[in-house]
Amino acid sequence: QDLGASIVSKIVNPSIDDNIIDFCGFPGGKTSHISALMNNTGKILVIDSSENRKTKFTENINRLGCNNIQVIIQSATDDIDGILGVDKILIDPPCSGLGVIKRKVEIKYRKSLDDIKRLAELQYDILDNASKYLKSNGRIVYSTCTISKIENEDVITKFLDKHKDFKLEIIGYDNKDFEYLNLIPYIDKTDGFFITSLIKI
(Lines of atoms letter the chains of each structure in order from A and count residues from 1; the text may use other names and numbers.)
(Lines give C-alpha, C1' and ligand atoms only; values in the text may rest on other atoms or scores of the structure.)
Protein backbone atom coordinates (compact mmCIF):
# COMPACT_ATOMS: atom_id res chain seq x y z
CA GLN A 1 0.00 0.00 0.00
CA ASP A 2 0.99 3.65 -0.41
CA LEU A 3 3.19 5.25 2.26
CA GLY A 4 0.34 7.61 3.14
CA ALA A 5 -1.92 4.68 4.00
CA SER A 6 0.70 3.21 6.35
CA ILE A 7 1.02 6.60 8.06
CA VAL A 8 -2.73 6.49 8.76
CA SER A 9 -2.39 3.13 10.53
CA LYS A 10 0.46 4.42 12.67
CA ILE A 11 -1.56 7.49 13.70
CA VAL A 12 -4.34 5.17 14.88
CA ASN A 13 -1.55 3.93 17.20
CA PRO A 14 -3.22 0.66 18.20
CA SER A 15 -2.24 -1.06 21.42
CA ILE A 16 -2.18 -4.74 22.30
CA ASP A 17 -5.73 -6.00 23.03
CA ASP A 18 -7.47 -2.83 21.78
CA ASN A 19 -11.03 -2.97 20.52
CA ILE A 20 -11.13 -1.04 17.23
CA ILE A 21 -13.76 -0.27 14.60
CA ASP A 22 -12.65 0.30 11.02
CA PHE A 23 -15.40 2.05 9.08
CA CYS A 24 -15.35 1.54 5.29
CA GLY A 25 -12.45 -0.87 5.73
CA PHE A 26 -12.33 -2.65 2.36
CA PRO A 27 -10.06 -3.61 0.60
CA GLY A 28 -8.17 -4.01 3.89
CA GLY A 29 -4.67 -2.58 3.54
CA LYS A 30 -4.98 -0.34 6.59
CA THR A 31 -6.93 -3.00 8.50
CA SER A 32 -4.24 -5.63 8.07
CA HIS A 33 -1.51 -3.13 8.99
CA ILE A 34 -3.36 -2.24 12.20
CA SER A 35 -3.76 -5.96 12.96
CA ALA A 36 0.01 -6.41 12.57
CA LEU A 37 0.71 -3.42 14.83
CA MET A 38 -1.49 -5.13 17.47
CA ASN A 39 0.41 -8.42 17.07
CA ASN A 40 -2.86 -10.05 16.02
CA THR A 41 -4.43 -9.43 19.45
CA GLY A 42 -7.57 -7.59 20.48
CA LYS A 43 -10.42 -7.14 18.04
CA ILE A 44 -10.94 -5.15 14.85
CA LEU A 45 -14.54 -4.82 13.69
CA VAL A 46 -14.74 -3.83 10.02
CA ILE A 47 -17.90 -2.11 8.82
CA ASP A 48 -18.41 -1.93 5.06
CA SER A 49 -21.45 -1.97 2.81
CA SER A 50 -19.84 -3.72 -0.18
CA GLU A 51 -20.79 -7.39 -0.27
CA ASN A 52 -18.99 -7.65 -3.62
CA ARG A 53 -15.62 -6.68 -2.11
CA LYS A 54 -15.90 -8.90 0.97
CA THR A 55 -14.43 -11.95 -0.80
CA LYS A 56 -11.25 -10.10 -1.81
CA PHE A 57 -10.95 -8.58 1.67
CA THR A 58 -11.29 -12.00 3.30
CA GLU A 59 -8.67 -13.46 0.96
CA ASN A 60 -6.27 -10.63 1.85
CA ILE A 61 -6.58 -10.93 5.62
CA ASN A 62 -6.43 -14.74 5.52
CA ARG A 63 -3.29 -14.61 3.37
CA LEU A 64 -1.70 -12.27 5.92
CA GLY A 65 -2.75 -14.43 8.88
CA CYS A 66 -4.98 -11.82 10.51
CA ASN A 67 -7.37 -13.63 12.85
CA ASN A 68 -8.49 -10.74 15.07
CA ILE A 69 -10.80 -9.22 12.43
CA GLN A 70 -14.59 -9.49 12.22
CA VAL A 71 -16.65 -8.12 9.32
CA ILE A 72 -20.19 -6.73 9.31
CA ILE A 73 -21.75 -5.85 5.96
CA GLN A 74 -23.89 -2.77 6.51
CA SER A 75 -23.94 0.95 5.89
CA ALA A 76 -21.45 2.95 7.95
CA THR A 77 -24.29 5.31 8.87
CA ASP A 78 -26.45 2.56 10.42
CA ASP A 79 -26.46 1.68 14.11
CA ILE A 80 -24.19 -1.19 15.18
CA ASP A 81 -25.94 -3.46 17.66
CA GLY A 82 -24.19 -4.32 20.92
CA ILE A 83 -21.09 -2.16 20.45
CA LEU A 84 -20.05 0.50 22.98
CA GLY A 85 -16.86 1.88 24.47
CA VAL A 86 -14.29 0.93 21.83
CA ASP A 87 -10.72 2.17 22.17
CA LYS A 88 -10.07 3.49 18.67
CA ILE A 89 -11.93 4.09 15.43
CA LEU A 90 -10.61 4.51 11.91
CA ILE A 91 -12.84 6.21 9.34
CA ASP A 92 -11.74 6.05 5.71
CA PRO A 93 -14.98 7.21 4.09
CA PRO A 94 -15.94 7.31 0.42
CA CYS A 95 -14.37 10.44 -1.07
CA SER A 96 -13.72 12.18 -4.37
CA GLY A 97 -10.25 10.60 -4.62
CA LEU A 98 -8.63 13.84 -5.76
CA GLY A 99 -5.45 12.81 -3.93
CA VAL A 100 -4.92 9.90 -6.31
CA ILE A 101 -5.78 11.74 -9.51
CA LYS A 102 -2.27 11.13 -10.83
CA ARG A 103 -3.00 7.39 -10.89
CA LYS A 104 -6.70 7.69 -11.75
CA VAL A 105 -6.95 10.55 -14.23
CA GLU A 106 -10.61 9.79 -14.96
CA ILE A 107 -11.55 11.22 -11.54
CA LYS A 108 -10.95 14.70 -12.95
CA TYR A 109 -13.86 14.25 -15.34
CA ARG A 110 -16.26 12.37 -13.09
CA LYS A 111 -16.49 14.44 -9.90
CA SER A 112 -18.50 17.67 -9.93
CA LEU A 113 -18.77 20.16 -7.08
CA ASP A 114 -22.24 18.79 -6.31
CA ASP A 115 -20.75 15.28 -6.10
CA ILE A 116 -18.15 16.52 -3.63
CA LYS A 117 -20.78 18.25 -1.49
CA ARG A 118 -22.87 15.07 -1.38
CA LEU A 119 -19.81 13.08 -0.36
CA ALA A 120 -19.09 15.58 2.43
CA GLU A 121 -22.60 15.08 3.80
CA LEU A 122 -22.09 11.31 3.81
CA GLN A 123 -18.66 11.69 5.43
CA TYR A 124 -20.15 13.80 8.21
CA ASP A 125 -22.94 11.28 8.78
CA ILE A 126 -20.41 8.43 9.07
CA LEU A 127 -18.28 10.42 11.52
CA ASP A 128 -21.36 11.39 13.54
CA ASN A 129 -22.48 7.76 13.75
CA ALA A 130 -19.00 6.46 14.59
CA SER A 131 -18.58 8.88 17.48
CA LYS A 132 -21.31 7.08 19.46
CA TYR A 133 -19.20 3.96 19.92
CA LEU A 134 -16.01 5.49 21.33
CA LYS A 135 -15.05 5.41 24.99
CA SER A 136 -13.84 8.50 26.88
CA ASN A 137 -10.22 9.32 25.97
CA GLY A 138 -10.60 7.13 22.88
CA ARG A 139 -9.36 8.21 19.45
CA ILE A 140 -11.02 8.60 16.05
CA VAL A 141 -8.69 8.89 13.08
CA TYR A 142 -10.45 10.38 10.04
CA SER A 143 -8.62 9.97 6.76
CA THR A 144 -9.40 10.57 3.09
CA CYS A 145 -7.44 10.31 -0.13
CA THR A 146 -8.65 13.70 -1.30
CA ILE A 147 -7.28 17.22 -1.01
CA SER A 148 -10.73 18.83 -1.01
CA LYS A 149 -11.29 21.15 1.96
CA ILE A 150 -15.03 20.53 1.69
CA GLU A 151 -14.47 16.83 2.44
CA ASN A 152 -11.74 17.35 5.01
CA GLU A 153 -11.39 20.41 7.24
CA ASP A 154 -14.99 21.49 6.70
CA VAL A 155 -16.34 18.09 7.77
CA ILE A 156 -14.21 18.12 10.93
CA THR A 157 -15.12 21.73 11.78
CA LYS A 158 -18.83 20.91 11.48
CA PHE A 159 -18.36 17.82 13.66
CA LEU A 160 -16.48 19.69 16.39
CA ASP A 161 -19.08 22.46 16.38
CA LYS A 162 -21.78 19.89 17.17
CA HIS A 163 -19.74 17.57 19.41
CA LYS A 164 -18.21 19.56 22.24
CA ASP A 165 -17.03 16.32 23.87
CA PHE A 166 -14.36 15.93 21.17
CA LYS A 167 -11.13 17.81 20.52
CA LEU A 168 -8.37 17.70 17.92
CA GLU A 169 -5.23 15.76 18.83
CA ILE A 170 -1.88 17.03 17.63
CA ILE A 171 -0.28 14.70 15.07
CA GLY A 172 3.50 14.53 14.93
CA TYR A 173 4.91 13.92 11.46
CA ASP A 174 8.28 14.67 9.88
CA ASN A 175 9.44 16.53 13.03
CA LYS A 176 6.45 18.88 12.88
CA ASP A 177 3.10 19.08 14.69
CA PHE A 178 -0.23 19.19 12.87
CA GLU A 179 -3.92 19.38 13.75
CA TYR A 180 -4.67 18.54 10.12
CA LEU A 181 -2.04 16.53 8.27
CA ASN A 182 -2.20 17.04 4.51
CA LEU A 183 0.12 14.83 2.47
CA ILE A 184 0.77 16.41 -0.91
CA PRO A 185 2.01 14.09 -3.71
CA TYR A 186 4.69 16.35 -5.16
CA ILE A 187 6.02 17.27 -1.70
CA ASP A 188 5.63 14.09 0.36
CA LYS A 189 6.07 11.53 -2.46
CA THR A 190 2.81 9.82 -1.44
CA ASP A 191 -0.74 9.83 -2.66
CA GLY A 192 -2.66 12.88 -1.52
CA PHE A 193 -4.02 12.23 1.97
CA PHE A 194 -5.82 14.15 4.68
CA ILE A 195 -5.48 12.78 8.22
CA THR A 196 -6.75 14.11 11.52
CA SER A 197 -7.14 12.61 14.99
CA LEU A 198 -10.01 13.35 17.39
CA ILE A 199 -10.04 12.55 21.10
CA LYS A 200 -13.24 12.06 23.08
CA ILE A 201 -12.96 14.15 26.22
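With the first letter of the sequence shown counted as 1, position 147 gets the number 147 in my numbering; the numbers rise by one all the way through.
Even for Gly, the Cβ is constructed at its ideal location relative to N, Cα and C.
Beta-carbon proximity list for Leu202, same chain, < 6 Å, skipping 5 on both sides: There is no way to answer for residue 202, as the model of the chain reaches only from 1 to 201.
Neighbourhood of Leu37 by C-beta, 6 Å cutoff - its chain only, sequence neighbours within 5 removed: Looking up residue 37 in the sequence shown gives position 37. Contacts found: Pro14.
Contact the region 111 to 122 vs the region 149 to 169: 3+ CB pairs below 8 Å: Yes: at least three Cβ pairs fall under 8 Å.
Separation of Val12 from Asn39, as counted between CA atoms: As a working note, residue 39 is residue 39 in the sequence shown. As a working note, residue 12 is residue 12 in the sequence shown. A direct Cα-to-Cα measurement between Asn39 and Val12 gives close to 15 Å.
Per DSSP, cross-strand counterpart(s) of Glu169: Stepping through the sequence shown from its first residue, residue 169 is reached at position 169. Listed as beta-bridge partners of Glu169 by DSSP are Ser197.
Of the listed residues Cys24, Asp92, Cys95 and Ile34, nearest to Val71 (C-alpha basis): Position 71 of the sequence shown, counted from the start, is the residue given in the question as residue 71. That would be Cys24, whose Cα lies nearest to the Cα of Val71.
Ser131 in three-state terms, based on DSSP: Numbered from 1 along the sequence shown, position 131 holds the residue referred to as residue 131. Annotated three-state conformation of Ser131 is helix, per DSSP.
Nearest-angstrom Cα separation, counted from Leu3 out to Thr58: Along the sequence shown, one-based indexing puts residue 58 at 58. Along the sequence shown, one-based indexing puts residue 3 at 3. Rounded to the nearest whole angstrom, the CA to CA distance from Thr58 to Leu3 is 23 Å.
Beta-carbon separation (whole angstroms), Ile69 vs Val46, contact threshold 8 Å: As a first step, residue 69 is located in the sequence shown; it is residue number 69 there, counting from the start. As a first step, residue 46 is located in the sequence shown; it is residue number 46 there, counting from the start. Confirmed, Cβ separation roughly 6 Å.
DSSP three-state assignment for Phe23, whether helix, strand or coil: Numbered from its first residue, the sequence shown carries residue 23 at position 23. If DSSP states are grouped into helix, strand and coil, Phe23 belongs with the strands.
CA-to-CA distance, Asn67 to Ile147, given in whole angstroms: Working through the sequence shown from its first residue, we reach residue 147 at position 147. Working through the sequence shown from its first residue, we reach residue 67 at position 67. Between the C-alpha atoms of Ile147 and Asn67 there is a straight-line separation of about 34 Å.
Ile187 classed as buried or exposed, judged by whether at least 16 other C-beta atoms fall within 10 angstroms: If you number the sequence shown from 1, residue 187 lands on position 187. Result: exposed.
Selected residue, minimal CA-CA separation from Ala130, among Thr144, Leu160, Ile91 and Ile199: Within the sequence shown, numbered from 1, the residue matching residue 130 stands at position 130. Selected option, being the one with the closest Cα: Ile91.
Beta-ladder partner(s) of Lys43, from DSSP: Counted from its first residue, the sequence shown places residue 43 at position 43. Paired residues: Asn19.
Close Cβ partners of Ile80 (< 8 Å) along its chain, the five nearest in sequence each way excluded: As a position in the sequence shown, residue 80 is number 80, starting the count at 1. In chain order, Ile21, Leu45, Ile47, Ile72, Gln74 and Tyr133 place their CB closer than 8 Å to the CB of Ile80, counting only its own chain and leaving out the 5 sequence neighbours on each side.
For Ile72, the residue or residues it bridges with in DSSP: Residue mapping note: residue 72 aligns to position 72 of the sequence shown, counting from 1. Under DSSP, Ile72 shares a beta bridge with Ile47.
Through-space distance from Leu183 to Lys167, alpha-carbon basis: The residue given as residue 167 occupies position 167 in the sequence shown. The residue given as residue 183 occupies position 183 in the sequence shown. Cα atoms of Lys167 and Leu183: separation of roughly 21 Å, rounded to the nearest angstrom.
Reference Ser197; option with closest CA among Asp114, Arg139 and Thr41: Taking the first residue of the sequence shown as 1, we reach residue 197 at position 197. Looking at Asp114, Arg139 and Thr41, the one whose alpha-carbon comes closest to that of Ser197 is Arg139.
Euclidean distance between Cα positions of Gly65 and Ser32: As a working note, residue 65 is residue 65 in the sequence shown. As a working note, residue 32 is residue 32 in the sequence shown. One Cα belongs to Gly65, the other to Ser32, and the distance between them is close to 9 Å.
Residue of Ile201, Phe26, Ile126 and Gly82 minimising C-alpha distance to Lys164: Against the sequence shown, residue 164 aligns to sequence position 164. Per the Cα distances, Ile201.
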